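Residue numbers (the numbering used here), protein chains in the order written: chain A, 1 to 345; chain B, 346 to 686.
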Amino acid sequence: MASIQTKNSYQVRARPKAAAAILLIGLMAIILAMAASIMIGVREISLSTLWHSLFSFNPEDELHEIIRSIRLPRVLAGALVGAGFAVAGAMMQGMTRNGLADPGLLGVNAGSGFVLVLVFAFFPKLPFEAMIIFSFIGAALGAGLVYGVAFFAKGGLSPVRLVLAGAVIGSLLTGLSQAITLLYQITYDLTFWSAGGVSTADWLQVSVMAPWIAGGIIAAFILSRFITILSLGEEIAIGLGQRTKLIRGLATLIVLILSGAAVSTVGGVGFIGLIVPHIVRYLVGVDYRWIIPCSAVIGALLVVLADIGAKTVNMPYETPLGSIIAVIGIPFFLYLARKERRELA
Amino acid sequence: MKPDIFQQNRKTHSIKMMIVFSGLVIISFIISMNSGTFSMSPIEVIQTLVGGGTHQQNLVLFNLRLPRMVIAVLVGAGLAVSGAILQGISRNDLSDPGILGINAGASLAVLVFVALFPNQTQGSAFLMPFLALIGAGFTAILIYLLSFKKNKGIEPTRLLLVGIAVAAGISAITIILTLKLNPRNLEFVVMWQMGDLWGSNWKFVLALLPWTILLLPFVYYKFPILNLFSLNDHLAGSLGVSIEKERLILLGAAVGLAASSVAIGGGIGFIGLLGPHIARRIVGPQHQFMLPISALVGSLIVLTSDTIARSIMENTEIPVGVVISLLGAPYFLYLLIKSKA
């Protein structure tokens, strides 16, 4: 594990076979995990009931109704959110060459959350289709603040300092959000929101979010060839005739759309965009044509599984998804932070 | 240290500055006494202070405002000195009990208590600092162990990174716990996490005071060692300081100051950053001059911010912590930009 960085620094190493296997096995695992997630819950549901509800739906049957209107949108939302965060993280890590880049760590999620709180407070009746746009704006605000700080710093900011800037801007935006919620008496809503989770996801959210996430992932895939070159370094990319500014701009836009869409549904969940790309790079090498789709699959799988955890850890109560993922993510983050890598400091 | 002419000048300068800042604290104290929802003119305040006020004026001034202001002063001094220690021993200008997660640890311990005994928050003033100390102590030990490496000791940036991670972990646990609270306790906890100087009566002053009175002089007495930490570990070690032992003792003092302040004042961040930095600008980096000024600057900021928080909006109080992070976060980012990569 310790030698990944040196290995993937200056030669594009890819393992297409491993990647294809991950995509195939991953997709099957997602279907299994989704089925398991639908079946597990306060009301246990059998596999045959699930099958019937999908292919011979009976509106009279209460279990069919639960599956169709509660459990199915929930797992779909989980998968979408996971894929979105993971691809956003992979893009960020690739284009900034920063192993600690993650929409949660670099202020994107906090920005999104802050603007959503403003929307909750001032336009509580706004439809979800419009809210998601505000979530994009917020994501841009958070990212803009963090990268603005990096822009003004002499010689840019090292990854660790960027994380520091992200943490402080995150705490500032969270503080402001909390103050607004106190003034407008929506504390309870915000606490649930910032805990993060897909337990209340409905078809409306899924159907609004799905095109954005799917579009974002496809765009990321189209851009992935250029991200690979960018991840080799600015000079090399320019030397190879790449228009780095354009690529960076497009990639940033994709990151904002993916994480903005995900945050609008799931709330404050971090670390997915950090963990998944690292695992994927370890498995498939550094070619982003493989990293992007594999990250989407593994990210979706991770969140669907974590959501099963959220349902079962403390039955019949829900445990916040954000906390479950933090429990997995923080040791991983610490491991990355401890690793002896000069370019981090 | 040789008492040369420059040192002498620095000393007179820093004494002057101490007088100036004490004056500022007193002025802001007086302004703070006058402001709030229940307005009182300066003359009325003086009348009340010497015993000639109406019943209502007595109540507002002696039972509500004064204790809260004393707490603001103590909390500001405690957090600022705690930050100064942390910056000294980690040799990193960006250290602060809030950023390192120590405040989060303290507040988690208090939160566990609130969750377990929902009806005793008012009756447990003296218990709170101890609980907070346990939480903060565990957190500090955890951060220390996780960022400690054999043969290398503590590396400043890794310490901060580990602190951020640990703080994130604690906030995950905190969220799980807050969701289990009933709405009334939730409101209390959320306000408290934001730092609202909630314990505004004399009992809380008494609960906080011993910590400040014991720890501040102790830290001041340690100033030569803090000065040595600004050399590198090998050099300091060769001057006969047992580095790791002194580091742990000072870390303990920093944790004690931060924990007691957080227990009574709530999660106020950035004071540990602002106080020492402003002090260094005024009197330079030597701890014998910098520590007292840090404490005064910390007190001044918390007191002023609390006055602003109380008077900015009628009927609703913005927690003082929010006001301070509005000031502190940009300052932190400014330092981040200025400091060498």
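No residue lacks a Cβ here, since even glycine has one placed at the ideal position from N, Cα and C.
If you're wondering where the values come from, they're calculated on a predicted model, not measured in any experiment.
Opening and closing residue of the alpha helix (DSSP H) in which residue i lies
i	result
Gly175/A	Pro159 to Leu183
Asn98/A	Element bounds for Asn98/A: n/a, residue is neither H nor E.
Ser46/A	Taken as a continuous stretch (DSSP letters only), Ser46/A belongs to no alpha helix (DSSP H), as it is neither H nor E.
Gly401/A	Nothing in the structure corresponds to residue 401/A, since chain A is present only between 1 and 345.
Met385/B	Where Met385/B is concerned, there is no enclosing alpha helix (DSSP H), given that its DSSP letter is neither H nor E.
Gln402/B	His400 to Asn403
Met539/B	That residue, Met539/B, is in no alpha helix (DSSP H); it is neither H nor E in DSSP.
Gly249/A	Thr244 to Val266
Leu487/B	Leu472 to Ser492
Leu561/B	Trp547 to Tyr566
Leu445/B	No alpha helix (DSSP H) holds Leu445/B; DSSP gives it neither H nor E.
Thr519/B	Pro501 to Leu524
Ile186/A	That residue, Ile186/A, is in no alpha helix (DSSP H); it is neither H nor E in DSSP.
Gln353/B	Ile350 to Asn379
Thr652/B	His632 to Ser656
Val119/A	Val108 to Phe122
Ile67/A	From DSSP, Ile67/A is part of no alpha helix (DSSP H); its letter is neither H nor E.
Lys590/B	Ile588 to Gly610
Gly138/A	Phe128 to Phe152
Val418/B	Leu411 to Ser435
Lys683/B	Val665 to Lys683
Ile616/B	Ile616 to Val628
Gly239/A	Glu234 to Gly239
Environment of residue i [buried if 16+ CB atoms lie within 10 Å]
i	result
His622/B	buried
Ile379/A	For chain A, the structure presents residues 1 to 345; residue 379/A sits outside this window and is missing.
Leu240/A	exposed
Ser48/A	exposed
Asn314/A	exposed
Met1/A	Its pLDDT being 34, under 50, Met1/A is placed unreliably by the model, and nothing is read from it.
Phe120/A	buried
Trp537/B	buried
Leu334/A	buried
Tyr147/A	buried
Ala130/A	exposed
Lys311/A	buried
Pro714/B	Since the first residue of chain B shown is 346 and the last is 686, residue 714/B is not available in this structure.
Arg592/B	buried
Asp349/B	exposed
Gln432/B	buried
Leu504/B	buried
Met28/A	exposed
Val365/B	exposed
Asn448/B	buried
Pro277/A	buried
Leu346/A	The question about residue 346/A has no answer, for chain A in this structure spans 1 to 345.
Ile330/A	buried
Gly233/A	exposed
(request) Mind listing, in chain order, the continuous alpha helix (DSSP H) runs of no fewer than 4 residues lying wholly within the stretch 273-321 of chain A? (result) As far as the stretch 273-321 of chain A is concerned, its whole alpha helix (DSSP H) runs of at least 4 residues are 288-312.
(message) So, does the stretch 431-445 of chain B touch the stretch 391-398 of chain B, judging by three or more C-beta pairs under 8 Å?
(response) Contact between the stretch 431-445 of chain B and the stretch 391-398 of chain B is absent: fewer than three C-beta pairs spanning the two stretches fall below 8 Å.
(request) Below 7 Å between beta carbons is the criterion; list the residues of the stretch 42-61 of chain A that meet it against any residue of chain B, in chain order. (result) Residues: none.
(message) Does the structure place the stretch 29-46 of chain A close enough to the stretch 59-69 of chain A that three or more beta carbon pairs sit under 8 Å?
(response) Because the criterion of three Cβ pairs below 8 Å is met, the stretch 59-69 of chain A and the stretch 29-46 of chain A touch.
(message) For the stretch 474-499 of chain B, list every residue whose C-beta sits within 7 Å of some C-beta in chain E, in sequence order.
(response) Any reference to chain E falls outside this structure, whose protein chains are A and B.
(message) Any C-beta of chain B within less than 9 Å: which residues of the stretch 237-257 of chain A qualify?
(response) Along the stretch 237-257 of chain A, none of the residues has a CB nearer than 9 Å to a CB of chain B.
(request) Scan the stretch 13-65 of chain A and note each continuous alpha helix (DSSP H) run of 4 residues or more that stays entirely inside, going in chain order. (result) The stretch 13-65 of chain A contains these whole alpha helix (DSSP H) runs: 16-39 and 47-55.
(message) With a threshold of 8 Å, are at least 3 pairs of Cβ atoms found where one atom belongs to the stretch 589-602 of chain B and the other to the stretch 426-436 of chain B?
(response) Look at the beta carbons and you see the stretch 589-602 of chain B touching the stretch 426-436 of chain B: at least three pairs across the two are nearer than 8 Å.
(request) Please determine if the stretch 616-630 of chain B and the stretch 642-650 of chain B are in contact, where contact requires at least 3 C-beta pairs separated by less than 8 Å. (result) Under the Cβ criterion (8 Å, minimum of three pairs), the stretch 616-630 of chain B counts as touching the stretch 642-650 of chain B.
(message) Count Cβ pairs between the stretch 253-266 of chain A and the stretch 205-218 of chain A that sit closer than 8 Å; are there 3 or more?
(response) With a cut-off of 8 Å, the stretch 205-218 of chain A and the stretch 253-266 of chain A count as touching, because enough Cβ pairs lie within range.
(request) Could you list the residues in the stretch 300-324 of chain A with a C-beta less than 7 Å from some C-beta on chain B, going in chain order? (result) The residues in question are Thr319, Pro320, Gly322 and Ser323.
(request) Using a Cβ-Cβ cut-off of less than 9 Å, give me the residues of the stretch 97-127 of chain A that come near chain B, in sequence order. (result) Within the stretch 97-127 of chain A, the qualifying residues are Leu100, Gly104 and Leu105.
(message) For the stretch 105-113 of chain A against the stretch 281-297 of chain A, do three or more pairs of beta-carbon atoms, one drawn from each stretch, fall closer than 8 Å, so that the two count as touching?
(response) Using a C-beta cut-off of 8 Å, the stretch 105-113 of chain A makes no contact with the stretch 281-297 of chain A, since fewer than three inter-stretch Cβ pairs fall below that distance.
(request) Select from the stretch 146-179 of chain A all residues with a C-beta closer than 8 Å to any C-beta belonging to chain B, and list them in chain order. (result) Under the 8 Å Cβ criterion, the stretch 146-179 of chain A contributes Val149, Phe152, Ala153, Lys154, Gly155, Gly156, Leu157, Ser158, Val160, Arg161, Val163, Leu164, Ala165, Ala167, Val168, Ile169, Ser171, Leu172, Gly175, Leu176, Gln178 and Ala179.
(request) May I ask you to list, following chain order, the residues of the stretch 502-517 of chain B that have a beta carbon less than 7 Å from some beta carbon of chain A? (result) Along the stretch 502-517 of chain B, the positions whose C-beta sits under 7 Å from a C-beta of chain A are Thr502, Arg503, Leu505, Leu506, Val507, Ile509, Ala510, Ala513, Gly514 and Ala517, read in chain order.
(message) For the stretch 439-455 of chain B against the stretch 469-480 of chain B, do three or more pairs of beta-carbon atoms, one drawn from each stretch, fall closer than 8 Å, so that the two count as touching?
(response) Of all C-beta pairs linking the stretch 439-455 of chain B to the stretch 469-480 of chain B, three or more are shorter than 8 Å, placing the two stretches in contact.
(request) Indicate whether the contact test is met: 3 or more Cβ pairs, each with one atom in the stretch 199-212 of chain A and one in the stretch 71-88 of chain A, closer than 8 Å. (result) Under the 8 Å Cβ criterion, the stretch 199-212 of chain A counts as touching the stretch 71-88 of chain A, having at least three qualifying pairs.
(message) Counting only Cβ-Cβ distances shorter than 8 Å, please list the residues of the stretch 647-671 of chain B near chain A, keeping chain order.
(response) For the stretch 647-671 of chain B, the residues whose beta carbon sits under 8 Å from a beta carbon of chain A are, in order, Met658, Thr661, Ile663, Pro664, Gly666, Val667, Ser670 and Leu671.
(request) Report the residues of the stretch 442-465 of chain B with a CB closer than 9 Å to any CB of chain A, ordered along the chain. (result) Identification of residues in the stretch 442-465 of chain B having a C-beta nearer than 9 Å to some C-beta of chain A yields Gly443 and Ile444, given in sequence order.
(message) Does the contact criterion of 3 or more C-beta pairs under 8 Å hold for the stretch 633-641 of chain B versus the stretch 565-575 of chain B?
(response) Proximity of the stretch 633-641 of chain B to the stretch 565-575 of chain B meets the contact definition, three or more beta-carbon pairs being nearer than 8 Å.
(message) Is it the case that the stretch 258-274 of chain A contacts the stretch 30-37 of chain A, given that we only count it when at least three CB pairs across the two stretches are under 8 Å?
(response) Judged by Cβ distances under 8 Å, the stretch 30-37 of chain A makes no contact with the stretch 258-274 of chain A, as fewer than three pairs qualify.
(message) Counting only Cβ-Cβ distances shorter than 9 Å, please list the residues of the stretch 599-622 of chain B near chain A, keeping chain order.
(response) Listed by position, the residues of the stretch 599-622 of chain B near chain A (Cβ gap below 9 Å) are Gly614 and Phe615.
(request) Could you tell me whether the stretch 549-565 of chain B touches the stretch 520-528 of chain B, where touching means 3 or more Cβ pairs closer than 8 Å? (result) Contact check between the stretch 549-565 of chain B and the stretch 520-528 of chain B: fewer than three CB pairs, one atom from each, fall below 8 Å, which does not count as touching.
(request) Below 9 Å between beta carbons is the criterion; list the residues of the stretch 414-446 of chain B that meet it against any residue of chain A, in chain order. (result) Listed in chain order, the positions of the stretch 414-446 of chain B with a beta carbon within less than 9 Å of a beta carbon of chain A are Leu439, Gly443 and Ile444.
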